[in-house]
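S.K.:
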Amino acid sequence: MKSLSNKRILLGITGGIAAYKSAELARLFSKAGADVRVVMTPAAVEFITPLTLQALTGNKVHTQLLDADAEAGMGHIELARWPDLIIVAPASADFLARAASGEANDLLSTLILATSAPVAVAPAMNQAMWGNAATQDNLTVLRARDMLIFGPDSGPQACGDTGLGRMLEPQQIIELAAGLFEDALLSGLRICITAGPTREALDPVRYISNHSSGKMGFALAAEAAAAGAIVTLISGPVALQTPERVQRVDVVSARDMLEASLVATQNCDIFIGVAAVADYRPAAVETQKIKKSSDAFSIALVPNPDIISSIAALDNRPFTVGFAAETHNIETFALSKLQRKKLDMLFANDATATFGSDDISAIALWPQGRSVLGPGNKQLIARQMLALIHTRYTLPRQGDFR
Ligand code: PMT
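Residue 346 in my numbering sits at position 318 of the sequence shown, and the numbers go up by one each step.
#1: If you compare alpha carbons, which of 243, 149, 328 and 115 is closest to residue 124?
#2: Going by the C-beta, is residue 59 closer than 7 Å to any heavy atom of the ligand PMT?
#3: Look at the alpha carbon of residue 408 and the alpha carbon of residue 349, and state the distance between them as a whole number of angstroms.
#4: Ignore the nearest five residues each way along the sequence and tell me which others in residue 361's own chain have a CB closer than 7 Å to its CB.
#5: Residue 93 to residue 138, Cα distance in whole Å?
#6: For residue 211 versus residue 31, is the C-beta spacing smaller than 8 Å?
#7: If you draw a straight line from the alpha carbon of residue 273 to that of residue 256, how long is it in whole angstroms?
#8: According to the neighbour-count rule (16 or more other Cβ atoms, all chains shown, within 10 Å of its Cβ), is residue 185 buried or exposed?
#9: May I have the straight-line CA-CA distance separating residue 208 from residue 370, to the nearest angstrom?
#10: So the candidates are 308, 295 and 356; which of them puts its Cα closest to the Cα of residue 283?
#11: Can you look up residue 166 in the DSSP assignment and give me helix, strand or coil?
#12: Going by CA-CA distance only, name the one from 259, 322 and 295 that's closest to residue 35.
#13: Measuring from the CB of residue 404, is there a heavy atom of the ligand PMT at a distance below 7 Å?
#14: Report yes or no: do the stretch 141-155 and the stretch 75-89 share at least 3 C-beta pairs separated by less than 8 Å?
#15: Going straight from the alpha carbon of residue 204 to that of residue 196, what length do you get?
#16: With residue 284 as the anchor, note down where its alpha helix (DSSP H) starts and where it stops.
#17: Are residue 40 and residue 64 close, meaning C-beta to C-beta below 8 Å?
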């Protein structure tokens, strides 16, 4: 089955006895890795409670068009822009009629009008209502507007009739929905990325750090999420927006970054260390601001833990990828880092050109080979890096460090 991992699914539920199956549908979407938001019509809440759907999806359920609280959070236009797919299941005869005539008299019908996402409906109704010319005319209109119609099935109905009008089973709907998406390169892979600098405090107002902007790590996170990966981004202090569909953990020091990385790595297939981690920190952090004096001043430093080496040393290590920014002898120094830190891959780059820049050129190194990437902008090169990582990750393992 194609993957629903990381997809945004807006599940609309209308009033009908088949609404009880929507709980299972929401559960299956979540289990497949989709982010699910549920919108219920007033009639739907007569059949199944919003609380059930909230518990199954982990997201607040939307029920009202005119809801000041909801509008303050995710307003209806924002909600219409959010999904990759809207699926209405069950879709009642009344809902299909309102959608066909373009009404916007509740939240769900309004979203259908306002969205640019594909919309699929899984009709469920009595067989006579399904066969009625009015319903069939409405379906003709909706099909002509590219609405996808999943089902219905035929068989015994809750009202005692037998015939067409049963909602498809949740598993069938899941398979049809998944079939609408392309297979993404990194579908379902869990990727942890460190980015940005670390700051090592000297006193309450001063720290040691470097010029990493976080741009390279954030570009990799954005591209990995767009390629279907489930991404955790562990970031030092940077002034960048969190990419869509990425879970971000903010840290300050190298020791914070190590702690967050060890937690994230418990659930991670690929670890990419892009962060420029401070190799040393002050031996002591003064609790009060250090006062200026005319004397020479020196700071005693102690080594920080090496995060990526700690990850690579884990028994059940993820595929571990490092970066190395060097000012000279770039490839020689980078190769020795690849071996010393026991990495599966490493991207060597020129420190003087890459820190803070929008562009990068890099040499990809792994135990059996190398490849040259760029120059190009970090977003574009990130895509190429991920393709290389994916190839090495999926190849049979021989001669690497795992
Ligand atoms: O953030 P940008 O402005 O976009 O810049 C991108 C970058 C220059 C920061 C990035 O391309 C890069 O090269 N990052 C690595 C920086 C570096 O020189 O790292 P290093 O040589 O000190 O470390 C090698 C590897 O070990 C890196 O994967 C690093 O994350 C990791 N490391 C280093 C020290 C340490 N204590 N723990 C680590 O995990």
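For every residue, glycine included, the Cβ atom is placed at its ideal position computed from N, Cα and C.
M.R.: Per the coordinate set shown:
#1: If you number the sequence shown from 1, residue 124 lands on position 96. Shortest Cα-Cα distance from residue 124 to any of 243, 149, 328 and 115 involves 149.
#2: As a position in the sequence shown, residue 59 is number 31, starting the count at 1. Every heavy atom of the ligand PMT is 7 Å or more from the Cβ of residue 59, so no.
#3: The sequence position of residue 408 within the sequence shown is 380, counting from 1. The sequence position of residue 349 within the sequence shown is 321, counting from 1. Each residue's Cα considered, the two are about 18 Å apart.
#4: Counting from one through the sequence shown, the residue named residue 361 turns up at place 333. For residue 361, where only same-chain residues beyond five positions count, the Cβ hits under 7 Å are 352 and 354.
#5: Against the sequence shown, residue 93 aligns to sequence position 65. Against the sequence shown, residue 138 aligns to sequence position 110. Across the structure, residue 93 and residue 138 are spaced so that their CA atoms are roughly 8 Å apart.
#6: Start at 1 with the first residue of the sequence shown, and residue 211 comes out as number 183. Start at 1 with the first residue of the sequence shown, and residue 31 comes out as number 3. In contact: residue 211 and residue 31 (Cβ atoms closer than 8 Å).
#7: Locating residue 273 in the sequence shown gives position 245, counting from the first residue. Locating residue 256 in the sequence shown gives position 228, counting from the first residue. So the two alpha carbons sit approximately 9 Å from each other.
#8: Locating residue 185 in the sequence shown gives position 157, where the first residue counts as 1. So residue 185 ends up on the buried side.
#9: Taking the first residue of the sequence shown as 1, we reach residue 208 at position 180. Taking the first residue of the sequence shown as 1, we reach residue 370 at position 342. Each residue's Cα considered, the two are about 41 Å apart.
#10: Within the sequence shown, residue 283 is the residue found at index 255, counting from 1. The candidate whose alpha carbon is nearest that of residue 283 is 308.
#11: The sequence position of residue 166 within the sequence shown is 138, counting from 1. Here residue 166 sits in helix by DSSP.
#12: Within the sequence shown, the letter at position 7 stands for residue 35. The shortest C-alpha separation from residue 35 is found at 259.
#13: As a working note, residue 404 is residue 376 in the sequence shown. With a threshold of 7 Å, the Cβ atom of residue 404 does not count as near the ligand PMT, since no heavy atom of the ligand is closer than that.
#14: no
#15: The residue labelled residue 204 in the question sits at position 176 within the sequence shown. The residue labelled residue 196 in the question sits at position 168 within the sequence shown. The straight-line gap from Cα to Cα measures roughly 10 Å.
#16: As a working note, residue 284 is residue 256 in the sequence shown. From DSSP, the alpha helix (DSSP H) with residue 284 extends over 282-293.
#17: Within the sequence shown, residue 40 is the residue found at index 12, counting from 1. Within the sequence shown, residue 64 is the residue found at index 36, counting from 1. Going by C-beta atoms, residue 40 is not nearer than 8 Å to residue 64.
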